[in-house]
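The sequence shown begins at 8 in this note's numbering and counts up by one.
For glycine and all other residues, C-beta sits at the position ideal for the given N, C-alpha and C.
Since we're looking at a predicted model, the values are computed, not measured.
Report on the structure given below.
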Amino acid sequence: MSQEISPGTRSGDADIIFSGGSIVTVTDDKSAAPEAVAVKDGRIVFVGSLSQAQTEWRGPDTRLHALLPDQALLPGFIDAHGHVTGAGLQATIANLLAAPDGDVTDIASLQDKLREFAESEVGERSDWIIGFGYDDSMLAGGKHPTRDDLDAVSTEKPVLAIHQSFHLGAVNSLGLERLEYTATTPDPEGGVIRRRLERAAESGPVYGEPNGVLEETAFNPAADLAIAGMDPVDSGQFLPMGLLSAASFGFTTVQEGAASLEVLGLMRQVADAYPTGLPTDVVVYVKADQAMKSPEAVLASRKYSKGLRAAGVKLILDGSPQGRTAWLTEPYLTPPDGKDEEYRGYAALSDKDVLAQVRAGFANDWHVIAHVNGDAAIDQLIQCVRSATKEAGQDRRTTAIHCQTAREDQIEAFRELGIIPSFFSMHTYYWGDWYRKTVLGPERAVDISPARWAVDRGMAYTSHHDAPVALPNSIAILSSQVTRVTRTSGSVLGPDQCVSALDAVKSITINAARQYFEEDTKGSIEVGKLADLVILSHNPLTIPERKIKDITVVETIKEGRTVYPPSTTHPHPAPVPRKAMSAAAFAHC
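Listed below in structure tokens is the structure:
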């Protein structure tokens, strides 16, 4: 069935008509797939037959865009959770990732990457030598780099190697000096300074000489100092580079998922520097504790200004399961060094603080998203949302971010309370084998990222990439949900949790639009919606499931304008303020 703007509201010929290939509308319409989509002034004005599109909407200046037979046109992808400036950071500093996104395999190759960065133009301008993405589960020996390992990189500059989770990191001896971490420094609340030796002395507190590895709130100041120590010429490009990276994977709406108020202000300056606004829409969530102190500075809105809007607040309730800092109800299969067999991770906030932050979100009409990886943290969120909902009403679309170890009873509680689970489904690929062998054991590991439980309950779940923890790879999001194939062994982790390709596509289109309260304007190919579109090399709904991972993004279109590949007409990046993105907006991914 054809859709088009009514004749009384038409205002001329279409700017562009897409046809050929496959058109995946992501709607509930069961009729035959349309042959053409017409776009006018950034909106979809027609969806239907090619002959009708050409007869009624083609004019002398209308551009015809014919897809190749294997290609597919889909709604533009919507980032349900990520850190777009973090993606820019990721593209700027040393790449410490393992395959397939990098080639760090051991401490020696990690050291080489950091030395290369130190000798680069960006590294020479930076106060710190900094790299991102090492994964102890993929390093030979399965150990984190220590201060001694990083002293071998430099003793003249502080060095920071950031774990892929962005919840841990390691610094050299000079880095520890800058942080003023010594044997007499206690662990901060919600964090751990790992030690060479832990003991108590009779003459005052001695906790043990730091070994360089830092967790959670002990790690965050290192990231703050290192990123602030980068030259503004480089940090000022984090947002533009992050936007380009996201657009290269088909995203037309992206998220900054844990910004400080300072970073929110700087992002607004960056948006204003673009003559016609940001090339893709950016949704910003402010750290809840900061928002509560200065609510007037948040200026949350459902409307975009220059392509940017503050949507609400981000709560952080625990840490990283792959880094073994997430808060579980049952012990880790293998505790980290120095922890006993009953170690379950730890909470980031008290029940009182979580409830206060949720209440503040509801009271200020801020959309609340909450980082919850461990099932104990999920219990805490459910308890606090239930209490706040009784006071303020339902349908807040509170979003539980990551939900790695959610139990089935917790997914049911999400359904009852209207909480949207947003799964970091790529965990099944990147760390599925690590979960099975080290973190949770085989019985618990099979149900990480339990999207099938949500589908079976008719829930509109979303899925995300959490860049810079992973590349903002839309195709990997789709493939990981459909196949759940792991990186190292190639086995299927929990086949009962696999979902259909259509469910996976919905998780980054119409369901993600609903999460943002934008389902009336985004997330499907329908008349009246924004012409946010992506062209893929193949149709993910018809290609063999194991080949979804090989799909590539051909073109990304925001409101009818191509934003990837970039062009001389609409280049990336735009000019930015001299001081920009110099604070760490990326912690607690």
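Excluding the 5 residues flanking residue i on each side, which residues of the same chain have their C-beta closer than 6 Å to its C-beta?
i	result
residue 420	389
residue 14	Confidence at residue 14 is low in this model, with a pLDDT of 44, below 50, so its placement is unreliable and no value can be given for it.
residue 464	422
residue 5	An answer regarding residue 5 cannot be provided, because it is not within the stretch 8 to 596 covered by the chain.
residue 238	132
residue 478	108
residue 27	73, 74
residue 43	24, 26, 57, 60
residue 585	Annotation note: pLDDT 43 at residue 585 (below 50); position unreliable, coordinate value reported separately. Answer for residue 585: 239, listed in chain order.
residue 226	175, 176
residue 364	295, 322
residue 405	375, 392, 426
Per DSSP, what are the beta-bridge partners of residue i in this structure?
i	result
residue 70	23
residue 202	217
residue 44	25, 54
residue 428	407
residue 490	Answer by DSSP bridge pairing: none, since residue 490 is not bridged.
residue 168	138, 177
residue 469	429
residue 10	54
residue 499	492
residue 258	84
residue 222	175, 199
residue 30	80
Smallest Cα separation from residue i: which of the options?
i	options	result
residue 169	142, 481, 291, 251	142
residue 433	490, 372, 94	490
residue 556	564, 284, 563, 547	547
residue 481	81, 161, 501, 327	81
residue 313	305, 121, 498, 289	289
residue 63	28, 107, 189, 23	23
residue 571	144, 541, 145	541
residue 87	474, 545, 73, 487	474
residue 159	265, 325, 302, 120	120
residue 520	506, 536, 37	536
residue 517	58, 573, 369, 470	470
residue 193	216, 126, 30, 461	216
residue 361	275, 394, 342	394
residue 460	414, 171, 257	414
residue 526	84, 115, 99	84
residue 34	509, 560, 436, 487	509
residue 38	180, 47, 10, 50	10
residue 456	506, 366, 297, 304	506
residue 106	467, 255, 438	438
residue 544	567, 267, 559	559
residue 138	552, 144, 122	122
Within a Cβ cutoff of 7 Å, which residues of the same chain sit near residue i, ignoring the five residues on either side of it in sequence?
i	result
residue 224	195, 196, 197, 198
residue 229	167, 176, 178, 182, 186, 221
residue 109	102, 103, 140
residue 207	At residue 207 the pLDDT is 48, less than 50, meaning the model places this residue with poor confidence and gives no usable figure here.
residue 218	153, 154, 201, 202, 203
residue 495	440
residue 335	351, 352, 381, 382, 383, 412
residue 5	In the structure as shown, the chain starts at 8 and stops at 596, and residue 5 therefore has no counterpart that could be examined.
residue 435	455, 456, 487, 491, 493, 500
residue 129	99, 241
residue 20	64, 65, 66, 68, 69
Using 7 Å as the cut-off, classify the Cβ of residue i as near or not near the heavy atoms of the ligand SAM, replying yes or no.
i	result
residue 421	This structure does not include the ligand SAM; it has no bound ligands of any sort.
In chain order, what residues of the same chain lie with their CB nearer than 8 Å to the CB of residue i, ignoring the 5 residues before and after it?
i	result
residue 338	348, 349, 350, 351
residue 372	307
residue 125	131, 136, 160, 161, 164
residue 401	424, 425
residue 333	325, 326, 327, 352, 380, 381, 384, 411, 412
residue 366	395, 398, 399
Report the residue ranges of all beta strand (DSSP E) runs contained in full by the stretch 260-342; include only those spanning at least 3 residues, in chain order. With a minimum length of 3 residues, the continuous beta strand (DSSP E) runs that stay inside the stretch 260-342 are 288-294, 315-323.
Touch check for the stretch 317-326 and the stretch 375-390: three-plus C-beta pairs under 8 Å? yes
Using 8 Å as the cut-off, can you tell me whether the stretch 59-73 makes contact with the stretch 444-455, which would need three or more C-beta pairs spanning the two stretches below that distance? no
Fully enclosed by the stretch 517-572, which beta strand (DSSP E) runs are 3 residues long or longer? 540-543, 560-565, 568-571
Pair every Cβ in the stretch 327-345 with every Cβ in the stretch 272-286, then say whether three or more of these pairs are closer than 8 Å. no
Which runs of the beta strand (DSSP E) fall wholly inside the stretch 77-165 and span at least 3 residues, in chain order? 136-141
Please specify which runs of the alpha helix (DSSP H), each continuous and at least 4 residues long, are wholly inside the stretch 432-465, giving them in chain order. 434-437, 449-452, 458-463
Closer than 8 Å is the cut-off here; do at least three beta carbon pairs connect the stretch 395-413 with the stretch 426-441? The stretch 395-413, when compared against the stretch 426-441, does touch it at the 8 Å Cβ threshold.
Are the stretch 244-252 and the stretch 89-103 touching, with three or more C-beta to C-beta distances below 8 Å? yes
With three or more C-beta pairs closer than 8 Å as the rule, is the stretch 42-55 touching the stretch 525-534? yes
How about the stretch 127-134 and the stretch 227-243: do they share at least three Cβ pairs that are nearer than 8 Å? yes
Enumerated in chain order, which unbroken segments of the alpha helix (DSSP H) with a length of 4 residues or greater are wholly contained in the stretch 355-407? 358-370, 382-399
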